[in-house]
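*Asks:* When we follow my numbering, the leftmost residue of the sequence shown carries the number 762, and every step to the right adds one. In this text, a Cβ means the ideal position worked out from N, Cα and C, and glycines have one as well. Next up is a structure, given as structure tokens.
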Amino acid sequence: MEFVLIAIVGLLSGIVGALIGLGGGVILVPAMLFLGTAFTFFPELSPQKIVGLSVIMMIFTGLSSTLSYMKVKTVDYRSGFIFFAGSAPGTIIGAFVNKGLDLPSFNLYFGILLVFLAALLLVRDRLKEVHWFVDNGKKYHFKDSMNKEYVYGYPIWAALVLTFAVGFASGLFGIGGGSMMVPAMILLFLFPPHVAVGTSMFMVFLSAIVNSITHFSLGNIPWIYTLAVVPGAYIGAKIGAGLNKKLQSETLVVILRIALLVLGLRSIYEGLFSS
């Protein structure tokens, strides 16, 4: 039963993560925490091991969706490597900070992050684009399938600072970072949405490798459960990347906002009032 549940969670995480560039960890981690605390599934999985499971999953969701986005040429490899250079040290530091968190503390801080992400998704369409980073950085050009041309860019130092913070959150909580990177890439660096998602998943893939090595060294990988989550997440990422090319993802974003808000508030409650 536990393996079926984890496979289903992995499948859904892969679909949602690849569809809007989240990486999937922002779905897997709260879902596993919820199943573990509300229904006492997986009693042997600590927050650290759930994070370890998540980062292993993100290698495969990142790889699967990146391969799909490469085919339609919406991956900016240069930006992906620059973002990875900033996020990699952040993930290592975040992973080491993670080992000092008990369950109530993890729930509290992770819940605050989920509520923040829900609020970010809620207001991102109302926020005005910032042109300063493009005007003061290296510019790139992209023409989509409708022949609409985009100009985007950033100073390298700004990209490194931003991705270090994103990497730290990724290492600490086992999320892919795309939930923060995609809105930032669109609003601050003016990335075309599809390029933002494709490049984000490329960064998620690279960062997850470093993240998983760090968590492996800390003994946080529950290998037996990866046998269930990895196939589901890989297939889900293929489905999500395919849907990204065909569907408007706004409906899913609305559902995700609500889910993150509910899960975040519940996680904060558990962190404050669990014994």
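1) What residue does the beta strand (DSSP E) around GLY914 start on, and which one ends it?
2) Kindly indicate which residue of PRO953, ALA879, THR960 and LEU949 has the alpha-carbon position closest to the one of LYS889.
3) How is PHE800 classed by DSSP in three states: helix, strand or coil?
4) Report the residue from ASP837, MET818, LEU780 and LYS860 whose alpha carbon sits nearest the alpha carbon of LEU979.
5) Secondary structure at HIS902, three-state DSSP: helix, strand or coil?
6) What's the C-alpha gap between THR975 and GLN809?
7) Straight-line CA distance for ILE843 to ALA920?
8) Which residues in the same chain as LEU874 place their Cβ atom closer than 7 Å to its Cβ, once the five residues preceding and following it in sequence are excluded?
9) CB-CB under 6 Å to ILE936, same chain, minus the five flanking residues each way: which ones, in chain order?
10) From ILE769, SER815 and GLU1031, pick the residue whose C-alpha is nearest to that of PHE977; which is it?
11) What do you reckon, are the CB atoms on PHE795 and MET762 nearer than 9 Å?
12) Using a threshold of 9 Å, state whether the C-beta atoms of GLY1037 and VAL965 are closer than that.
13) List in chain order: all unbroken alpha helix (DSSP H) runs of 4+ residues lying wholly within the segment 773-839.
14) Out of GLY939, VAL958, ALA792 and PHE857, which one is the CA nearest neighbour of ASN972?
15) Nearest-angstrom Cα distance between MET962 and MET946?
16) Three-state secondary structure (DSSP) at PRO954?
17) Does the segment 822-830 come close enough to the segment 994-1005 to have 3 or more Cβ pairs within less than 8 Å?
18) Using CA atoms only, rank isn't needed, just tell me which of VAL1015, VAL836 and ARG1018 is closest to HIS955.
*Replies:* This is what the structure gives:
1) Translated into positions along the sequence shown, residue 914 becomes position 153. From DSSP, the beta strand (DSSP E) with GLY914 extends over 910-915.
2) Along the sequence shown, read from residue 1 onward, the residue named residue 889 stands at position 128. If you compare the alpha carbons of PRO953, ALA879, THR960 and LEU949 with that of LYS889, the shortest gap goes to LEU949.
3) Along the sequence shown, one-based indexing puts residue 800 at 39. Of the three classes helix, strand and coil, the one that applies to PHE800 here is coil, per DSSP.
4) By one-based count along the sequence shown, residue 979 stands at place 218. If we check each option's Cα against that of LEU979, LYS860 comes out closest.
5) The count along the sequence shown starts at 1 and reaches residue 902 at position 141. Strand.
6) Position 214 of the sequence shown, counted from the start, is the residue given in the question as residue 975. Position 48 of the sequence shown, counted from the start, is the residue given in the question as residue 809. Their backbone Cα atoms lie some 12 Å apart in a straight line.
7) If you number the sequence shown from 1, residue 843 lands on position 82. If you number the sequence shown from 1, residue 920 lands on position 159. So the two alpha carbons sit approximately 7 Å from each other.
8) Working through the sequence shown from its first residue, we reach residue 874 at position 113. Counting only Cβ-Cβ distances below 7 Å, and skipping sequence neighbours, we find ALA930 and PHE934.
9) Numbered from 1 along the sequence shown, position 175 holds the residue referred to as residue 936. Result list for ILE936: GLY786 and VAL787, in chain order.
10) Here residue 977 is taken as the residue at index 216 of the sequence shown, counted from 1. Out of ILE769, SER815 and GLU1031, SER815 has the C-alpha closest to the C-alpha of PHE977.
11) Within the sequence shown, the letter at position 34 stands for residue 795. Within the sequence shown, the letter at position 1 stands for residue 762. Not a contact, by the Cβ cut-off of 9 Å.
12) Nothing about residue 1037 can be read from this structure; the chain reaches only from 762 to 1036.
13) Counting whole runs of 4 or more residues, the segment 773-839 contains the alpha helix (DSSP H) stretches 786-799 and 808-832.
14) The residue labelled residue 972 in the question sits at position 211 within the sequence shown. Comparing Cα-Cα distances from ASN972 to each of GLY939, VAL958, ALA792 and PHE857, the minimum goes to PHE857.
15) Sequence index remark: in the sequence shown, residue 962 carries index 201 (1-based). Sequence index remark: in the sequence shown, residue 946 carries index 185 (1-based). MET962 and MET946: Cα-Cα distance of roughly 12 Å.
16) Locating residue 954 in the sequence shown gives position 193, counting from the first residue. Helix at PRO954.
17) yes
18) Start at 1 with the first residue of the sequence shown, and residue 955 comes out as number 194. The option with the nearest alpha carbon to HIS955 is VAL836.
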